[in-house]
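See structure below.
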């Protein structure tokens, strides 16, 4: 509920109260000075005579609950005009401090974060927390990553004032230049027993052996935090309620071991932990794992259902086909992104339960591996007998594969490969590469349950809009020219092979991009 909605509610309560007030002689009372008689505020009429406070028709506890739903800025404004809200302000449960909510909106929008603004922000946070009763705090979020010149003494004081018994959410996001050791002592003595969500960014966090104060923790997020694998294990060893663990850019972690005791953990995300070498999980109910980074040793139980891996310097397609069927036999969704390719091994092990497969090839510049044979992906599809959706995404800014338009030889076929359950196929970054056209024709001829085929000639996730006022996303001219060739290849080699039972969708560049000439 925002402040305008609250004002409407107050007005409705005031009008209802006005209609109910009658004088003793039975006539309807006339309140000529309604502006001075609100249900939440005492006022004095002309002449200095204090009027009787009407009071809200709702119990004060309900008004306090309504007040707690407001943003920090709106809650502070309401407290300035209401005794009831002023009392609840001192017990406001959601203390979320962000630069955009505590400084002038125009300055924030223009990114004018001067030392004067930073000092003003620090002063406001300090004033609010020092005047808070400390009672009823449910969330303390210090999201002040815009402020570089902040003293650690302020941070210690704010955490000491805000982290009280009953708090459920704690977030600390600092500027990367701030050197701050998060005080683990703040979490001791029962203050952290109720914390369910802990989010730390750009600080040092050193939990030691016996650190067992986060037994209610369900979500832990660490971004650019200095913490070792052993220290993280100390924290995890007693976090029995943990359901989600997200670790990003924590470069001191070399080995991550998830213990069996984390029986509620179902989601694990690891991103760009530069020195990470080993990830082992014994969590019995882990169902989703997402990894971004270099080559690591992975070990999971058989409960993982959804796997998302973006690997740098890692031939993930080969790794996935060779390793994952045995490691995660119950996998249902697999999303892998790689810049390296190689031969796909032909093995007896299969992804028996895999229903959704997404393979992305991505290079930051230039062309993607001109010698790669897209048709070889048929061997991966063969290993997925239950597959229902297949997405191939190729991101490049130049196509250097042999084009089907310049090759007069017949298209290759791979008979004997039937993909009986595939219903939907998307190829994003579809181009005129001969092997990609061959893969598409193979799918049309062998995916007997196919219902939808999408060929998207733009290889970027963001698409241009045909709106007259919007601008294009800057698609590379080489790829626009390639898109023209691709459309010709579709007409020449693919359209005639599309069965009547398949809905074909061809996504072209926007009309402005299409105007680019060769």
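In the UniProt record's numbering, the protein residues as written are 1 to 518. For every residue, glycine included, the Cβ atom is placed at its ideal position computed from N, Cα and C. All of these numbers come straight from a predicted model, not from anything done at the bench.
Whole-angstrom distance between residue j and residue i, CA atom to CA atom
i: residue 498; j: residue 439; result: 13 Å
i: residue 143; j: residue 203; result: 13 Å
i: residue 121; j: residue 150; result: 10 Å
i: residue 353; j: residue 327; result: 13 Å
i: residue 116; j: residue 123; result: 11 Å
i: residue 289; j: residue 406; result: 43 Å
i: residue 73; j: residue 125; result: 12 Å
i: residue 422; j: residue 442; result: 13 Å
i: residue 262; j: residue 233; result: 11 Å
i: residue 258; j: residue 280; result: 6 Å
i: residue 487; j: residue 429; result: 12 Å
i: residue 368; j: residue 187; result: 50 Å
i: residue 521; j: residue 396; result: Coverage of the chain is limited to positions 1 through 518, which leaves residue 521 absent and any answer about it impossible.
i: residue 325; j: residue 339; result: 22 Å
i: residue 231; j: residue 140; result: 24 Å
i: residue 362; j: residue 388; result: 24 Å
i: residue 301; j: residue 331; result: 11 Å
i: residue 321; j: residue 334; result: 11 Å
i: residue 174; j: residue 393; result: 36 Å
i: residue 167; j: residue 191; result: 8 Å
i: residue 147; j: residue 248; result: 21 Å
i: residue 391; j: residue 455; result: 10 Å
i: residue 165; j: residue 189; result: 9 Å
Any non-hydrogen atom of the ligand NAP within 7 Å of residue i CB
i: residue 139; result: This structure simply doesn't include the ligand NAP, nor any ligand for that matter.
Under the three-state DSSP convention, the category residue i falls into
i: residue 264; result: coil
i: residue 282; result: coil
i: residue 119; result: helix
i: residue 423; result: coil
i: residue 98; result: strand
i: residue 326; result: helix
i: residue 454; result: strand
i: residue 271; result: strand
i: residue 311; result: strand
i: residue 356; result: strand
i: residue 319; result: helix
i: residue 181; result: strand
i: residue 441; result: helix
i: residue 436; result: helix
i: residue 125; result: helix
i: residue 379; result: helix
i: residue 406; result: helix
i: residue 147; result: coil
i: residue 393; result: strand
i: residue 480; result: helix
Where residue i falls, given that 16 or more other Cβ within 10 Å makes a residue buried
i: residue 298; result: buried
i: residue 501; result: exposed
i: residue 51; result: Reliability of the predicted coordinates at residue 51 is poor, the pLDDT of 31 falling under 50, and the value obtained from them is presented with this limitation in mind. Looking at its Cβ environment, which holds fewer than 16 other Cβ atoms inside 10 Å, residue 51 is exposed.
i: residue 62; result: exposed
i: residue 256; result: buried
i: residue 163; result: buried
i: residue 482; result: buried
i: residue 452; result: exposed
i: residue 23; result: Its pLDDT being 40, under 50, residue 23 is placed unreliably by the model, and the measurement read from it follows with that caveat. Looking at its Cβ environment, which holds fewer than 16 other Cβ atoms inside 10 Å, residue 23 is exposed.
i: residue 93; result: buried
i: residue 401; result: buried
i: residue 98; result: buried
i: residue 273; result: buried
i: residue 16; result: Note that residue 16 has pLDDT 43, beneath the 50 cutoff, so the model's placement of it is unreliable and no number is given.
i: residue 266; result: buried
i: residue 209; result: exposed
i: residue 260; result: exposed
Check whether residue i and residue j have beta carbons under 8 Å apart
i: residue 239; j: residue 214; result: yes
i: residue 478; j: residue 412; result: no
i: residue 312; j: residue 342; result: no
i: residue 415; j: residue 457; result: no
i: residue 269; j: residue 254; result: no
i: residue 307; j: residue 337; result: no
i: residue 159; j: residue 130; result: no
i: residue 355; j: residue 386; result: yes
i: residue 435; j: residue 495; result: no
i: residue 304; j: residue 276; result: no
i: residue 264; j: residue 242; result: yes
i: residue 419; j: residue 383; result: no
i: residue 278; j: residue 250; result: no
i: residue 491; j: residue 432; result: no
i: residue 359; j: residue 318; result: no
* Asked: So, do the segment 348 to 355 and the segment 365 to 379 have three or more beta carbon pairs nearer to each other than 8 Å?
  -> no
* Asked: Three or more beta-carbon pairs under 8 Å between the segment 176 to 192 and the segment 132 to 140, yes or no?
  -> In short, these stretches do not touch, since the Cβ pair count stays below three.
* Asked: Is it true that the segment 180 to 199 meets the segment 214 to 226, where meeting means three or more beta-carbon pairs spaced less than 8 Å apart?
  -> Judged by Cβ distances under 8 Å, the segment 180 to 199 makes contact with the segment 214 to 226, as three or more pairs qualify.
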